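Presented below is the structure to which this report refers.
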Amino acid sequence: MKLMKCVKRYSTIFVADLTTSVGLFYLWNKGYKHFVPLASLCGIGASYLYCRLRSRAKISSNHAIVITGCGSGLGYSLALHCRELGATVIAGVLQMGCPGAKRLESEGVLVYPLDITLVNSVENFANSVRTILTERNLTLRCLINNAAVMIFGEFEWQTDEQLRNQVEVNLLGTMRITRELMPLIRAHFSRIIVVSSHCNEQPIPGVAAYSGTKAALSAWASAIRVELKKYGVKVVCFVPGSFVTESNILARQDEHFKTMKQSMSSEAETFYDDYFARYSQYFSSVAQGGNLEKLRDSGIYEAFEGALLDKYPSAVYTNEPWRYTIYHTMFRITPTCLRDRLVEKFVQGPPWKQDVAKSSTHQ
Ligand SMILES: NC(=O)c1ccc[n+]([C@@H]2O[C@H](COP(=O)([O-])OP(=O)(O)OC[C@H]3O[C@@H](n4cnc5c(N)ncnc54)[C@H](OP(=O)(O)O)[C@@H]3O)[C@@H](O)[C@H]2O)c1
Numbered sequence: 001m002k003l004m005k006c007v008k009r010y011s012t013i014f015v016a017d018l019t020t021s022v023g024l025f026y027l028w029n030k031g032y033k034h035f036v037p038l039a040s041l042c043g044i045g046a047s048y049l050y051c052r053l054r055s056r057a058k059i060s061s062n063h064a065i066v067i068t069g070c071g072s073g074l075g076y077s078l079a080l081h082c083r084e085l086g087a088t089v090i091a092g093v094l095q096m097g098c099p100g101a102k103r104l105e106s107e108g109v110l111v112y113p114l115d116i117t118l119v120n121s122v123e124n125f126a127n128s129v130r131t132i133l134t135e136r137n138l139t140l141r142c143l144i145n146n147a148a149v150m151i152f153g154e155f156e157w158q159t160d161e162q163l164r165n166q167v168e169v170n171l172l173g174t175m176r177i178t179r180e181l182m183p184l185i186r187a188h189f190s191r192i193i194v195v196s197s198h199c200n201e202q203p204i205p206g207v208a209a210y211s212g213t214k215a216a217l218s219a220w221a222s223a224i225r226v227e228l229k230k231y232g233v234k235v236v237c238f239v240p241g242s243f244v245t246e247s248n249i250l251a252r253q254d255e256h257f258k259t260m261k262q263s264m265s266s267e268a269e270t271f272y273d274d275y276f277a278r279y280s281q282y283f284s285s286v287a288q289g290g291n292l293e294k295l296r297d298s299g300i301y302e303a304f305e306g307a308l309l310d311k312y313p314s315a316v317y318t319n320e321p322w323r324y325t326i327y328h329t330m331f332r333i334t335p336t337c338l339r340d341r342l343v344e345k346f347v348q349g350p351p352w353k354q355d356v357a358k359s360s361t362h363q
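Under the UniProt record's numbering, residues 1 to 363 are what the sequence shown spells out, in order.
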């Protein structure tokens with residue numbers, strides 16, 4: 001397993017070295033007797049440098065990792081994964097009694113209540129972290145900002161409260177908990193991982209507000225990466241891929257659609273006609289929750305381990321299926337009119353019946 005991981009991690013340099021060796025062998029046979037040794041030395045130097053840059057730090061039970069939003073989905077899975085790596089995990093959960101919290105406790109994770117939208121809760125959580133680090137003589141290796149909420153539905157339908165909640169949790173909450181832990185982060189030269197999303201690179205219709213918060217989070221992370229570098233603190237963004245049917249992120253979507261419907265004006269109801277019902281039905285069918293399986297995609301953990309352990313980390317670590325790589329490359333290189341159509345195809349939402357819109361505006 002460890003060997004496979006190693007082979008995968010160094011596969012690029014392995015392939016590059018192999019290709020170069022074949023090329024150099026060919027040149028040697030062609031009589032380039034002075035050039036080949038020189039090129040070989042350069043190649044060895046480059047390979048050594050590459051391996052040094054890709055080297056990873058070790059982790060042990062003396063190292064603490066703090067993760068927010070661990071009751072389900074990615075946070076829950078990363079908490080289990082960090083335990084498997086051997087770290088002491090301090091997990092923040094929104095609801096202490098939830099099944100995820102109980103399961104994490106049974107796996108030896110230290111679980112504490114944390115609502116990142118509440119100043120008191122954030123202060124209490126930070127005090128608990130401080131106490132654990134002191135009592136157990138631990139080094140804080142990393143804060144993983146994972147907690148977030150996402151509400152599906154066109155921007156106009158979302159209520160003030162729904163919009164505020166997404167900004168409060170995803171953006172302000174993340175900033176709040178990070179700032180509260182900054183004295184510890186500075187003292188321990190810790191790393192900050194900010195869980196981002198593909199929506200930050202290509203904002204997606206239906207999650208306009210969520211995309212906005214993730215884009216803002218990414219901008220914030222880029223700025224503090226430079227601010228904190230001089231204090232020995234590294235900041236990394238982690239884009240984990242897509243697993244909406246395996247996490248709780250859409251679990252309350254039905255409730256959210258009901259709230260949108262109740263607050264919709266009669267003018268909007270007439271305008272949208274059956275589109276809202278079809279839309280909510282479509283996305284409610286995707287919505288699941290209550291899954292307590294550790295996320296299965298091994299790519300998530302490979303990318304995450306790079307973000308956590310690489311001695312010279314990149315700014316962003318991404319796990320994405322091929323379909324996403326193709327779409328995102330197309331989004332980047334195509335003109336707006338084509339890109340917008342591609343984005344619609346990517347989301348695959350229910351169609352808006354143009355004839356309904358026309359007839360309702362002419363009434
Ligand atoms: N799911 C995806 O496909 C996907 C894709 C890209 C990025 N992401 C990112 O991955 C991260 C985790 O998402 P997920 O899919 O695993 O969703 P999830 O299962 O809903 O996990 C989010 C966690 O945050 C918690 N939370 C909500 N409000 C909070 C608050 N005010 N304070 C503290 N914790 C709070 C939730 O608690 P409750 O469950 O008790 O509400 C939940 O445990 C998010 O940052 C998300 O943006 C997800």
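We treat Cβ as the ideally placed atom computed from N, Cα and C, and that holds for glycine.
Quantities reported herein were computed from a predicted structural model and do not represent experimental measurements.
C-alpha gap between residue i and residue j, whole angstroms
i	j	result
I44	K30	22 Å
T20	A39	9 Å
Q162	I300	29 Å
H362	M264	Residue confidence for H362 is low, a pLDDT of 48 falling below 50, so the modelled location carries little weight; the figure read from the coordinates is stated next. Roughly 20 Å between the two C-alpha positions.
K102	M96	8 Å
G69	V22	50 Å
residue 437	R130	There is no way to answer for residue 437, as the model of the chain reaches only from 1 to 363.
L172	L94	16 Å
R52	C42	15 Å
S360	F271	Residue confidence for S360 is low, a pLDDT of 49 falling below 50, so the modelled location carries little weight; the figure read from the coordinates is stated next. Each residue's Cα considered, the two are about 6 Å apart.
G92	V119	14 Å
P321	H328	11 Å
P350	K258	18 Å
G153	D274	14 Å
E156	A268	9 Å
C-beta atoms of residue i and residue j nearer than 8 Å
i	j	result
A148	N170	yes
I116	L85	no
I177	H256	no
L184	L110	no
V244	V207	no
L138	A64	yes
T174	N200	no
Y317	F238	yes
P240	V347	no
V235	L228	yes
G100	R83	no
E293	E246	yes
V66	L140	yes
S77	L309	no
S72	N248	yes
F283	Q253	yes
Endpoints, beta strand (DSSP E) assigned at residue i
i	result
R141	T139 to N145
V89	T88 to V93
I65	H63 to I67
Y76	From DSSP, Y76 is part of no beta strand (DSSP E) but of the alpha helix (DSSP H) over G73 to L85.
Delimiting residues of the alpha helix (DSSP H) encompassing residue i
i	result
K311	K311 -> no alpha helix (DSSP H), and no H or E assigned at all.
L110	It is not in any alpha helix (DSSP H) - L110 instead sits in the beta strand (DSSP E) that spans L110 to P113.
V122	V119 to R136
Y48	F35 to L53
V286	Y275 to V286
Residue i beta carbon near ligand 3 (any heavy atom closer than 7 Å)
i	result
T68	Absence of ligand 3 is noted for the structure shown, with ligand 1 being the only ligands found.
Bridge partners - residue i, DSSP secondary structure assignment
i	result
R191	C142 and K234
T318	V239
R56	D310
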